[in-house]
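**Q**
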Amino acid sequence: MANIDEKLQKIARDLLESKEVSLIIGYTGGSHPQRMRPVFITKPEDVGRLSFNRHSVQDLAVFLKKQEVKKFGRIGIVVKGCDEKALNVLMQEYQVSRENIKIIGVECNGVIRQDLADKGETDLSENTVYDKCLMCGEHTPILHDYLIECADPQISMSGDIKPFAKIEELDSMSSEEKDVFWEKEFDKCIKCYACRQACPLCYCSRCIVEKNVPQWIDTNFGKIGNAQWNLIRAYHLAGRCIGCGECERACPVNIPLMLINGKMARSIHDLFGYKSGLDVDAKPVFGVFSESDFNDFIK
Amino acid sequence: MEDKKEELAKTSGDNDPRIIAFVCNWCTYSGADLAGTSRMKYADNVRVIKLPCSGRIDPMFIVEAFKKGAKGVLISGCHPGDCHYISGNYHSRRKYAIFRNLLGFLGVDLNRVEFSWVSASEGNKWVHIINEFTDKIKSLKNGSNDIFKK
Amino acid sequence: MSRIGVFVCWCGSNIAGTVDVEKVRDEASKIPGVVSAVDYKYMCSDPGQNSLRNVIKEKNLTGVVLAACSPHMHENTFRKAAIKEGLNPYFVEIANIREQVSWVHDDKERATSKAVDLMTMMVEKVKRDRSIDDVKVPLHKKTLVIGGGISGIQAALDIANGGVEVLLVEKEPSIGGRMIQLDETFPTLDCSSCIMTPKMVEVNQHPNIKLYTYSEVTDVSGYIGNFKIKIKKKARSVVEKDCTGCGNCWNVCPMHKNVKSEFNVNLSERTAIYVPFPQAVPLIPALDRAVCLHFKKGGKCVKCYEACGPKCIDFNLQDEIVEETVGAIVAATGYDLIENSLYGEYGYGKYKDVVSGLQFERLLSASGPTEGLVKRPSDGATPKTIVFIQCVGSRDPEKGVPYCSKVCCMYTAKHAKLFAHKVHGSQSYVFYIDIRATSKGYEEFVRGTMEQDGAIYLRGRVSRIYEDEGKLIIKGADTLSGNQVEIAADMVVLATGVIPKKGSDKVAQMLGISYDKYGFYTESHPKLRPTESSTAGIFLAGMAQGPRDIPESVVSGSAAASKILGLFSKDEYEVEGTIASVNEATCVACFYCRRVCAYNAISGKDIKDRSGKLIKVVANVNPGLCVGCGACVNACFSKTIDVKGFMDDQIYAEIRSLSV
Amino acid sequence: MEEKYFEISAEDLKKFVDSMIKDNFEIIAPMDRDGDTFYGKIGKFDDANLDILLPKMSYKEYLLPKTETLFEYSFSGVDIDIKDGIESVEGKNRKRVIFGGRPCDAAAGPIMEKVFNWGYKDDFFNERFKNLTIVSIACEKPDDYCFCAEMQLSPESSHGSDLLLKKTGDKYSAVVVNDKGLELIASYLNLFKEIAKDEFPPDKDWKKIFEIEKAKSFLDKNFKHNYFQDRFLSCIGCGICTYTCPTCHCFDIQDEGDMKKGKRIRNWDSCQFAIFTLHTSGHNPRNTQGDRYRQRLMHKFKIYSEKFDKYLCVGCGRCSRNCPQDINIKEVVKDLTELASA
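Chains as they are written, first to last, in my numbering: chain A, 27 to 325; chain B, 95 to 244; chain C, -10 to 649; chain D, 67 to 408.
1. Scan the stretch 114 to 181 of chain B and note each continuous beta strand (DSSP E) run of 3 residues or more that stays entirely inside, going in chain order.
2. Is B/H48 close to chain A, meaning its C-beta is less than 9 Å from at least one C-beta of that chain?
3. Straight-line CA distance for B/E101 to A/T154?
4. So does the stretch 203 to 219 of chain C actually touch the stretch 607 to 621 of chain C, counting three or more Cβ pairs closer than 8 Å?
5. Along the chain, where does the alpha helix (DSSP H) that runs through C/M532 open and close?
6. Whose C-beta lies closer than 8 Å to the C-beta of A/C215 among residues of the same chain, with five residues either side of it excluded?
7. Measure the alpha-carbon distance for C/A408 versus C/D442 and round it to whole angstroms.
8. Could you give the C-beta distance for C/S558 and C/D106, rounded to a whole number, given that I count them as a contact under 8 Å?
9. Exposed or buried, which one is C/L133 when buried takes at least 16 other CB atoms within 10 Å?
10. Quick check: is the beta carbon of C/A17 nearer than 9 Å to any beta carbon in chain D?
11. Would you verify that the beta carbon of D/D335 is, or is not, closer than 9 Å to some beta carbon of chain C?
12. Would C/F175 and C/K339 qualify as a contact pair, given that the criterion is a beta-carbon distance under 9 Å?
13. Could you give the uninterrupted runs of the beta strand (DSSP E) lying entirely in the stretch 9 to 54 of chain C, keeping only those of 3 residues or more?
14. 9 Å is my cut-off, CB to CB: does A/T245 come that close to chain D?
15. In the DSSP assignment, find the unbroken alpha helix (DSSP H) run with D/D245 in it and report its ends.
16. How do the stretch 162 to 179 of chain A and the stretch 205 to 214 of chain A stand: do at least 3 beta-carbon pairs fall below 8 Å, yes or no?
17. Report, in whole angstroms, the separation of the C-beta atoms of C/V376 and C/F349, which I expect to be a contact under 8 Å.
18. Listing by chain order, which chain A residues have their CB less than 7 Å from the CB of B/I114?
19. With distances taken from CA atoms, which of A/A291, A/V65 and A/V137 is nearest A/Q180?
20. C/G617: which of B/Y136, B/E216, B/H178 and B/K235 sits nearest, CA to CA?
21. Can you list, in chain order, the residues of its chain with a C-beta nearer than 6 Å to that of C/G546? Leave out the 5 residues immediately preceding and following it.
22. What three-state label does DSSP hand C/S428 in the structure shown?
23. Where does the unbroken alpha helix (DSSP H) through C/H63 begin, and where does it stop?
24. Just the C-alpha distance for D/C214 and D/T103, rounded to the nearest angstrom, thanks.
25. Apart from the five residues just before and just after C/C290, which ones in its own chain have a Cβ nearer than 6 Å to its Cβ?
26. Please state if the CB of B/A191 and the CB of A/L285 are separated by a distance shorter than 9 Å.
27. How is B/T105 classed by DSSP in three states: helix, strand or coil?
28. Starting from C/P299, trace the beta strand (DSSP E) both ways and give me its first and last residue.
29. To the nearest angstrom, report how far apart A/V235 and A/S201 are at their CA atoms.
30. Kindly indicate which three-state DSSP category D/Y125 falls into: helix, strand or coil?
31. Around the C-beta of C/K597, are 16 or more other C-beta atoms found within 10 angstroms, so that it is buried, or is it exposed?
32. Between C/K48 and C/V24, how many whole angstroms is the CB-CB distance? I'm expecting something under 8 Å.
33. Helix or strand or just coil, what does DSSP make of D/M217?
34. Output, in sequence order along the chain, the residues in the stretch 430 to 457 of chain C whose CB is closer than 9 Å to any CB in chain A.
35. Using the Cβ count rule (16 or more neighbours within 10 Å means buried), how would you classify D/A252?
36. Can you grab the Cα-Cα spacing for the pair C/V543 / C/K292, in whole Å?
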């Protein structure tokens, strides 16, 4: 572990000293030993704070949308494989330019769920990581300027745990049953929009919920308002969401947002053969079309 | 509470459901006009909102129509390849396909949403689609109480 | 506060027979913001329009709703009436209570309630209408024609004759394109160069045409009326103004054995400094630096320079970039042939005497490598039997293209006919799938080839060709008789299909016009706007758009020309004001709008502070290109872009006004 | 009223709650849901989870609902019909009890009451607050995020509760703070045994790690300090801190409806949203997340205390526990006190 931190710190020091970047976004120790938090390093002498471990749950790409962070110009950022996919989408969508970013990739074999970590969990196993980690296809970040190898062993899978099994369960339900399920979930929503703020790809400077001529989304916290918000969030991320799961982790009332995101990703892949975040040069799925696109639902 | 019950009773077994149709100006609206000039008859439950192109018809309109109380929503544009604006219907088709999956996943009865391509010459198809959709909406179990139904 | 007038039309009994127009009128008068609600027998009549105008004037209306027939019928009529009273025409909305209510429903009460709904929707919409001014774009009256083939030449001449300046850009050293390569033309058998050369000369001498040969368009920006273009004049190594076209240079060029002639489709050789053919226009050679000994061997060979009287050969000439501004563009980039080597079973490339249709044209041509005598490429002998194979590559989704190349049936019939005329006692066999001869005189022409010239047409495919004792053995099927046939022939001519010119996709991308999956440029509308590209101000001509023969290519060139002359007949181009607009404060420049715009109407715009420092980039709508379809609005996540006349708040108001 | 002291066995406490439910009280208590604990309406005593330190959210929504209808309107022609929302305040004619909340949550009530009665008396808030009885249970073991002691309270504080229970072994000692508390147990007195004041377990000595006044003294003078911009670069402006906070009370007023009818509502809002202070001109006086987090600190530890003589924070630590980027307010306030000494 110390080895990783040393490497991270060396890369960061070099980047800052050579003035290749003016800011490094990384992780440092948090409120308790099982929590990590983002850290912003601007001076070479502060790089000792940088660290990475199985509790580095945050997707730091989220900070690239902040005006305060953009002001730094050239930025170095520590990313896991899943987080890096967000960078790719941000580049596809002209929000980040490759030349302004130094990607310090960290190989990752999974991060421990924060709710468990808060209760003291330190073991990395199929029972303690996020579903996204069990399905991860990008343990090594796709794009990177530096790469730090993984300290953790690969998680062994017993086969008993099926990630996102709930999606199939919901798919097999009747619309009434699904409705009951989601009504209960959305009823919890307090419209804090933390799902939006935690998402690296929700970068609009004025979100559609803040547009009031017309009022696209009801402002109330009632059944329709909450459903509308959760629907449009998922819709606007369909074909873009890279599955980092930050929305669900942030949600203070535990709405299973990754079920919806996961379902959308599956639909996009089934219908259009597209997976977001894998190819920085790909055209986004809603920026193109094919004459032979799925038409069966149209009379 | 009593009021609510009465309201429910009024809406249950809806024999006069409202259907909102979002249509493109060039094909479907003209097709609907053709049905008129040909004096074809069809169900009067539909209220048409005209837009330039199906490319302009945002899937979120469906939600607004449901919110307003429409029992069914129809979106209709030019056939693939015929779009007056070259590719508006192609771009929208992708969005509709996904949005429809999303609605279904969240528990909306997909019988309430219909999509069609109706050309300017297909007055009869327009009539058929409206009649069939209206019948389908009327036959829906009123118990289906999805998230955009008051 | 809105001051809306609602006018309910009876349309005689057409509406009033099924809809209670008085009830519609009364309901209208109850809507907040409605200051006048009237009904009238025929709103579109002169008295009807006058009453509309009177109310606009008297009540100082801010908006008008007509509950009447379809907007496709009379929207313009009423908008014009509103303009006369000084009301912006976009403050007139139509509730369609005839085509979509009274004519399609029977129950009067229910039809009336629907009519009230539609009227109410339009009242809410008109309340949210904004004044829209149509956009006027100044026109730079100059035209760029890309491609110096027959369709480009035709367009250039028509436009130039109409008094408009034309820049004609041709990639090759000479104009003339494919047509000048052809021998005689179907169905009249007039000689191609006889009818083509005068046109080429006319182009060269026309005061309104500036000819750029050996040149390419490298950059196009801007929009209708105002395209900024860059033309690269490739270094010709010959000072054009001094060259007399005497030919001394190419006559002394030592490189006369190694370079295949493009013009003769590899059937002969050309020199390094060359004109593609004797009648080239301009008759100025170009030096092919890729093969010239001077450039390959460090400047040793200067034979052409020494032979040149006016000393106009300059090895140091550089590519030159010419910048121009034009108001319209014609894309006439032409075609290529499908690669014959895709058909190994026909032996093209393996057997010298298997040639393409275009090569056979050169073998027939008096200006060709055999001076018009039909000779086998292998040994120069005169062939007695030729097998023609149609649909090579065409109508073949597996290996070639699924479409019909349109010209092959006719040119094959022509080939067989000319062969019979030139080699007496010869025999042609034609393998075909269908004969498509649909224009004037075409069917008779094909009949003539069969009946007078004795060509034997066999319906079927050739499965294999091989060589045996100096003969080509063709094995095929005659599906009409059901027999396998085997023919020993001296030559085989493949009626190769056509594909878009190599690189035409790059041109399309530069122009921002769309093309189909084969690379043919797509028209704005296949029936009603067949000349226009998807981008305003850019027109299409010739084979670049799809397979067509010479008359059709000429027609399309003239059509493009007439469209441009029509466009330039005014000083400004007027576009409907119902176009998209961007809220620059909230745009984050994700450019999904640009991705879905079929009209190239969206570009990036830099927002700078007072000191000139870039603050951010936002999407920007080009009013000359935007047609107001609204695909961008659907693509915009934050609803930062909206389309005038169909704004989001208007749609929402329409929905929310309904009684459900 | 003078405080009264009682004792009740764990078994009788269950009876007490179940009887109240039977008697048509609405009981709001910590309940398990999706692996976490939230306040919610319980159907029986056993639904409640009294072992958890703190539910994830506070019970603020029972004082200030997430969405509240102020009035409804409908049009008939140009006539407008208006219905006052106060008529339908839920709980108005119903007895609602928050049971098993913690002293920090209870202390939030009187803090909020001040702002909703500062000049304008907010009937909606008052109506709810009046009908709410608060039965809290003292904490035995606060966690590292807690800092109620620093906020002039304690894990055993009865401030804001009508009835406070302290667990001692398998029974509870209870202090009835006021008439409302007494009224609540009046019908169930048979379950309670009155005890003398000195039989009631005394408060422990809770250690503080900083002096809040010191933080205020820093805030008083350092509005433009770089600390705010640097420290809160990691804030993503999600607003979870304000939404889970028992004392944050900002709301936004919106009209919702169509051409026929509609309503004016007020919704929870958050100073952490960029749009919160965004002007129509495009200017935003709190332009950075640093500005916005500073505002939260200023409001909690300086502005509010100057106006109402109370800090707008009860030290529950929810904002730290729930922060997706692990911004820990206890550390932050400690930083402020250290900066003040520096």
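Quick reminder that beta carbons are idealized off the backbone N, C-alpha and C, glycines included.
**A** With the structure as the only source:
1. 140 to 145 and 166 to 171
2. Coverage of chain B is limited to positions 95 through 244, which leaves residue 48 of chain B absent and any answer about it impossible.
3. With a pLDDT of only 46 at B/E101, under the threshold of 50, the placement of this residue in the model should not be trusted, and no figure is reported.
4. yes
5. Element bounds for C/M532: n/a, residue is neither H nor E.
6. F247, N252, W255, N256, V279 and I281
7. Per the sequence shown, the amino acid found at residue 408 of chain C is Phe instead of Ala. Each residue's alpha carbon lies about 9 Å from the other.
8. With 8 Å as the limit, C/S558 and C/D106 do not qualify as a contact, their Cβ atoms being about 45 Å apart.
9. buried
10. no
11. no
12. no
13. 23 to 29
14. yes
15. D245 to A252
16. no
17. Rounded, the Cβ-Cβ distance is 12 Å, inconsistent with contact.
18. In chain order: nothing, as chain A lies at least about 15 Å away.
19. A/V137
20. B/H178
21. S140, Q143, A144 and A530
22. coil
23. P60 to K73
24. 20 Å
25. L282 and H283
26. no
27. In this predicted model, B/T105 has a pLDDT of only 44, less than 50, meaning its place in the structure is not dependable enough to derive any value.
28. Premise fails: C/P299 is in no beta strand (DSSP E) and is neither H nor E.
29. 26 Å
30. coil
31. exposed
32. 5 Å
33. coil
34. none
35. exposed
36. 42 Å
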